[in-house]
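K.L.:
In terms of this note's numbering, the sequence shown opens at residue 812 and continues consecutively.
All residues carry an ideal CB built from backbone N, CA and C; glycine is no exception.
Small disclaimer: the values here were computed from a predicted structure and weren't measured.
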Amino acid sequence: VGRPDLAQKAADMTQEELAATLYNSLREKIMPLEDHITVYPAHGAGSACGKNMMKETVDTLGNQKKVNYALRADMTKEEFVKEVTDGLLPPPAYFPLNVKLNKEGYDSIDTIIKKGSHAMSPDEFERAANETEAIVLDVRHQNEFVQSHIPRSIFIGLKGDFAPWVGALIKDVAQPILLVVDEDKLEEAITRLSRVGFDNTIGFLKGGFEAWVKAGKETDKLKSISAEVFENIKSEKSQVVDVRKTGEYLSEHVVGAVNMPLGEINDHLNELNDADEAFIHCAGGYRSVIAGSILKSRGIHKLVNIEGGYDAIKETKISRTEYVCPSTL
């Protein structure tokens, strides 16, 4: 079910009051309906608009009554309010800005795609990056980014929770964006940016990253190692940074690792000891590369990405904390 805090200002109600209203609505309007009724989600897995969202795109109400924590028949209103409001992270900065866009209007998707499809040569792209306030956003696969990328570019790959992380990490929806993208993915990238209000894509690198390399432009890379190599070189003094969400970290983590959730990474820059290498990981290898790109853009370069993240670390003998079920935290 949806999070109850997003409409507080408009409704002039607390999130607890809105949660109680949601409880009543579910019990009075939805749960009495027959089990065979088909349910289509308003949001997909990974959206910041709710908790524990499934990846499936269709279900029956009967199955939801069995598996959805919010539809437990024996749940009291007090329990529901506590559960649905517990652990809510601050909504991404783009949420209120999107509300404003929805009220005031916006350009058509055709106009947005046409503007963003402005092809730039490596020289033109470099000049635009240096002379404007545009962010260079690299949306290729993380394995390509770690091997080589444009210095100070930010990685958020299309093969992941692309739009939610763009919205969480880029604070201004009016931010000019320059894309490093395979040309057959250009329209997809512009469209997915637009879906969270980022309509100011001003161009892309013609010929992709290969054109940048062929033009002899400067490149950078993010050092990356396997979990097995990490196991062999790790010591008690190693600086290990876990960029997963706090709940994931509390559930289980590498002994001695510090938690710097990706969504809050800019708040932790002063906590990193740049004299020593920082080994960064997430759950599977996507978020850690995003974090690495942000840290490098801030001048922190002694970074080592752990490929495969915590999922790969669990296959080694690296010391970890005892698992705690997230629902008991």
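Starting from Leu927, trace the alpha helix (DSSP H) in both directions and tell me its first and last residue.
P.N.:
For the sequence presented, residue 927 should be read as Gly rather than Leu. Segment Ile920 to Gly927, the alpha helix (DSSP H) holding Gly927.
K.L.:
Of all the options Pro962, Phe906 and Glu1059, which has the alpha carbon lying nearest to the alpha carbon of Asp983?
P.N.:
Closest option to Asp983, Cα to Cα, is Phe906.
K.L.:
Are three or more beta carbon pairs between the stretch 937-951 and the stretch 860-878 nearer than 8 Å?
P.N.:
no
K.L.:
Under 6 Å Cβ to Cβ from Ile1124, same chain only, skipping five residues before and after it: list those, please.
P.N.:
Ala1038
K.L.:
Examine the Cβ distances between the stretch 990-1004 and the stretch 1076-1087 and report whether three or more of them are shorter than 8 Å.
P.N.:
no
K.L.:
Would you tell me roughly how many angstroms separate the C-alpha atoms of Ser1104 and Arg963, rounded to the nearest one?
P.N.:
7 Å
K.L.:
Kindly give me the distance between the Cβ atoms of Leu969 and Ala1000, rounded to whole angstroms, as I take these residues to be in contact under 8 Å.
P.N.:
6 Å
K.L.:
Comparing C-alpha positions only, which one of Val1024, Leu989, His960 and Tyr1097 sits nearest to Ile1013?
P.N.:
Leu989
K.L.:
Going by other Cβ atoms of all chains shown within 10 Å of its Cβ, with 16 needed for buried, is Arg1142 buried or exposed?
P.N.:
In the structure as shown, the chain begins at 812 and stops at 1140. Residue 1142 is therefore absent and cannot be evaluated.
K.L.:
Secondary structure at Val850, three-state DSSP: helix, strand or coil?
P.N.:
strand
K.L.:
Indicate the three-state DSSP secondary structure (helix, strand or coil) for Leu1033 in the structure shown.
P.N.:
Annotated three-state conformation of Leu1033 is coil, per DSSP.
K.L.:
Run through DSSP, which three-state label would Val1115 get?
P.N.:
If DSSP states are grouped into helix, strand and coil, Val1115 belongs with the strands.
K.L.:
Is it right to say Met842 is buried, meaning 16 or more other beta carbons lie within 10 angstroms of its own, or is it exposed?
P.N.:
Burial call: exposed.
K.L.:
Just tell me which of Ile1111, Glu998, Val950 and His1112 has its CA closest to the CA of Trp976.
P.N.:
Val950
K.L.:
Distance check for Gln826 and Arg814, CA to CA, integer angstroms please.
P.N.:
9 Å
K.L.:
Per DSSP, what kind of secondary structure is Val1135 in: helix, strand or coil?
P.N.:
coil
K.L.:
Here's the rule: buried if 16 or more other CB atoms are within 10 angstroms of the residue's CB, otherwise exposed. What is Cys1136?
P.N.:
exposed
K.L.:
Which residue's Cα is closest to the Cα of Phe1015: Ser932, Thr832 and Asn1070?
P.N.:
Taking only the C-alpha atoms, the option nearest Phe1015 is Ser932.
K.L.:
Between Val895, Ser1099 and Tyr880, which has its C-alpha nearest Lys1034's C-alpha?
P.N.:
Ser1099
K.L.:
Got a sec, what are the start and stop residues for the beta strand (DSSP E) Ala1089 sits in?
P.N.:
Ala1089 to His1092
K.L.:
Give the C-beta separation of Glu1059 and Ala1102 to the nearest angstrom, bearing in mind that I take them to be a contact with Cβ-Cβ under 8 Å.
P.N.:
The pair is not a contact, with the Cβ atoms about 14 Å apart (cut-off 8 Å).
K.L.:
Just tell me which of Ile920, Leu912, Ala1022 and Gly971 has its CA closest to the CA of Glu994.
P.N.:
Ala1022
K.L.:
Is Val895 closer than 8 Å to Leu833 when the C-beta atoms are compared?
P.N.:
yes
K.L.:
Within the stretch 953-985, note down every full alpha helix (DSSP H) run reaching 4 residues or more, in order along the chain.
P.N.:
When DSSP assignments are scanned along the stretch 953-985, the uninterrupted stretches of alpha helix (DSSP H) that are 4 or more residues long and fall wholly within it turn out to be 953-958 and 973-980.
K.L.:
Excluding the 5 residues flanking Val957 on each side, which residues of the same chain have their C-beta closer than 7 Å to its C-beta?
P.N.:
Lys1032, Leu1033, Ser1035, Val1100 and Asn1116
K.L.:
Return helix, strand or coil for Asp823, following the three-state DSSP convention.
P.N.:
coil
K.L.:
State the start and end residues of the unbroken beta strand (DSSP E) segment that holds Phe1015.
P.N.:
Bounds of the beta strand (DSSP E) holding Phe1015 are Thr1012 to Leu1016.
K.L.:
Please report how far the alpha carbon of Lys888 lies from the alpha carbon of Ala831, in whole angstroms.
P.N.:
7 Å
K.L.:
Tell me the DSSP secondary structure of Asp1122 in three-state form.
P.N.:
helix
K.L.:
What residues in its chain sit with their C-beta under 7 Å from that of Gly861, if we drop five residues either side in the sequence?
P.N.:
The answer, listed in chain order, is Val812, Gly813, Arg814 and His854.
K.L.:
What three-state label does DSSP hand Val895 in the structure shown?
P.N.:
helix
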